[in-house]
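A quick write-up on the structure given underneath.
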Amino acid sequence: MGVNKYESNKIRSLAGCLTDVELQRELLVHRYGFNPADILIVSDTSTLKPTQQNILEAFETHLINQAKSEDVVVFHFSGHGSLIRDPNPLPELIVNQNGKKATVPNLNRLNGTTVPFDRFTHHPDQVQDIMGRTLFLLTHALKTEHVTLVLDSCHSGGGTRGNLQIRAIPFRLGESSADPSPVELEYQKRWMKALNLSEEQFNRMRQKGIAKGVAIDSANYDQQAFDAPFGNEPFYAGAFTYLLTRYLWQQSVDESLSAVFVNLARSTRDLTEARQEPIYAANPDRNRQKPVYFVQPSTPFAEAVVRSVETDQQIQYWLGGISSLSLNVNQAGTIFSVLNNAGKEIAQIEQTDRRELLAIGRLKQGNLSDIVPRILLRERIRRLPTDLKLRVGLDPSLGQDLASGRAALQQLDRIEVVESNQSMHYRLGRMTSTYHIQAQP
């Protein structure tokens, strides 16, 4: 589920949410063996628009009404997040303090939300956001325990930071905080009645954690989630979703969710300069030791998947598992191995062109009949440009030495000095007390 452009021009457009949807779909189908017919896409460019009503109905009809007790359910949302007043709020909120999780009193009585395509109502103080309370009830109603919620949005701030776009809308409408719409509150009451939950029981459950399964948030409550540019011909994606997808494509050994998350959190902090750190929750706690999405990958680790084969000179493939730094140098002449179900090479494709995540290649070795849509590829030989340079970013922690450091590095032919918010190979800086805390395990 993704929303780049909202119904109202009062809401700033995003650039990477539809890429997130594609990233997740391709991963689930080609790496984890999901049936494409079981994946429902709701986006601002699809027939089914992500309005409040459509999102809630899709969760009910596609997931609650169909998922059986042992099924695996994944719900992904990419778009703006916000905060609204909660009529019965949780007493505390989880925040990030110097790189560590902490709780603070919920003095403003707020609840986190996902912002649908049609946010605004005719009432100036009410919005149609989907509250965390609502997602809790819908998740609780699922018959399966194997459910994963991935929310790539945030509730902190808004606007842009350099070339990064923030996936959040300020929670104030004019001079006052936004209230949930009566439709949202009535919907929650209907589900509490259907689940035989009193308001008191519901609140006790919420204070203990998530309803069931695993919930992954791309940022802490008080941090920002970013749309970020990737590649030398930049395309935008959610910083966390892209890193998550790439990691799982390339994952070559069985790892638990907790082990995967350590590496993902570190990568996300590095990419966003410690301004975004993903968090996750599990219920029961033993779910932390389960694999991501509660299922092991059904295919060998890979970096690309064939989409279509027209001739031996026209093979189209999708590069969703390639790292952004590799995309910067991935060009004509790069060789990909074509993999069978056992992960063994059966043919080779030489790349001839690439636009964002789509590439065109020609058959270099093997039989064309072995190359079919959905077959996986792994980078074998990377052709590097003759003018390849080491990209070095200078961290603001250098202080007064920033200018002299830049001048010295710029005299070296094989080094390119880049801004601190751009992709780089190395970052040069000082180990400050703040960075020392963030580096602790």
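Going by the numbering used here, the residue at position 119 of the sequence shown is 1233; the numbering climbs one at a time, nothing skipped.
Beta carbons are placed, not taken as given, at the ideal position from N, Cα and C, and that holds for glycine.
Over the uninterrupted beta strand (DSSP E) stretch that includes residue i, give me the two end residues.
| i | result |
| --- | --- |
| R1421 | A1418 to T1425 |
| I1489 | Per DSSP, I1489 belongs to no beta strand (DSSP E) and is neither H nor E. |
| N1397 | I1393 to N1397 |
| T1466 | E1459 to R1469 |
| V1328 | G1327 to D1331 |
| A1473 | L1472 to Q1479 |
| Q1430 | Q1428 to W1432 |
| T1262 | V1261 to D1266 |
Leaving out five residues on either side along the sequence, give the residues of the same chain with a beta carbon under 7 Å from the beta carbon of residue i.
| i | result |
| --- | --- |
| S1437 | R1360 |
| P1164 | M1115, V1117, V1156, S1157, D1158, P1230 and F1231 |
| Q1410 | D1368 |
Taking only the alpha-carbon atoms, compute the straight-line gap between residue i and residue j and give it to the nearest angstrom.
| i | j | result |
| --- | --- | --- |
| I1153 | L1137 | 13 Å |
| M1545 | L1523 | 20 Å |
| L1299 | R1145 | 39 Å |
| E1530 | H1550 | 27 Å |
| H1176 | D1484 | 35 Å |
| D1331 | R1468 | 32 Å |
| R1508 | C1268 | Checking the sequence shown, residue 1508 turns out to be Leu, not Arg. Straight-line Cα distance between these residues: approximately 28 Å. |
| A1333 | R1233 | 22 Å |
| S1511 | S1547 | 11 Å |
| Q1479 | A1473 | 18 Å |
| E1464 | R1496 | 10 Å |
| K1119 | S1127 | 5 Å |
| V1135 | Q1525 | 43 Å |
Taking 6 Å as the limit between beta carbons, can you name the residues of its chain near residue i, skipping five residues before and five after?
| i | result |
| --- | --- |
| Y1350 | A1129, G1130, D1341 and P1343 |
| L1385 | A1353 |
| P1555 | Any reading at P1555 needs caution, since the residue's pLDDT is 48, under 50, leaving its predicted position unreliable; the model's value is listed next. Contacts found: none. |
| L1597 | Shown here, the chain extends from 1115 to 1555; a query on residue 1597 therefore has no answer. |
| Q1536 | none |
| W1305 | L1251 |
| L1263 | F1189 and A1329 |
| Q1557 | Given a span of 1115 to 1555 for the chain in the structure shown, any question on residue 1557 remains unanswerable. |
So residue i is in the alpha helix (DSSP H); what residue range does that whole segment cover?
| i | result |
| --- | --- |
| R1383 | L1371 to L1385 |
| G1246 | G1246 to A1255 |
| F1316 | E1313 to K1322 |
| D1134 | C1131 to H1144 |
| Y1356 | A1353 to Q1364 |
| T1168 | Before going further, note that residue 1168 is Asn rather than Thr in the sequence given. Here the alpha helix (DSSP H) through N1168 covers Q1166 to A1172. |
| F1304 | Note that residue 1304 is Arg in the sequence shown, not Phe. R1304 -> alpha helix (DSSP H) spans P1296 to A1308. |
Is the beta carbon of residue i less than 8 Å from the beta carbon of residue j?
| i | j | result |
| --- | --- | --- |
| Y1356 | V1186 | no |
| T1248 | Y1335 | no |
| L1256 | I1178 | yes |
| G1147 | S1412 | yes |
| A1446 | T1466 | yes |
| G1435 | A1416 | yes |
| N1202 | N1317 | yes |
| V1486 | V1420 | yes |
| S1192 | T1227 | no |
| I1198 | N1225 | yes |
| G1323 | A1395 | yes |
| H1236 | I1125 | no |
| E1259 | K1182 | no |
Go through its chain and collect everything with a Cβ distance to residue i's Cβ below 8 Å, but skip five positions before and after it.
| i | result |
| --- | --- |
| Q1321 | L1204 and P1205 |
| H1539 | L1439, L1504, R1505 and V1506 |
| L1433 | E1417, A1418, L1441, N1444, R1468, L1471, L1472 and A1473 |
So that I know if they touch, is there some Cβ in chain C lying closer than 8 Å to that of residue i?
| i | result |
| --- | --- |
| P1405 | No chain C appears in this structure, which consists of one protein chain only. |
Complete runs of the beta strand (DSSP E) confined to the region 1508–1536 [at least 3 residues]: DSSP runs (the beta strand (DSSP E)) wholly in the region 1508–1536: 1529–1532.
Whole runs of the beta strand (DSSP E) within the region 1185–1227, excluding any shorter than 3 residues: Within the region 1185–1227, the complete beta strand (DSSP E) runs of at least 3 residues are 1187–1192, 1195–1199, 1206–1211 and 1214–1219.
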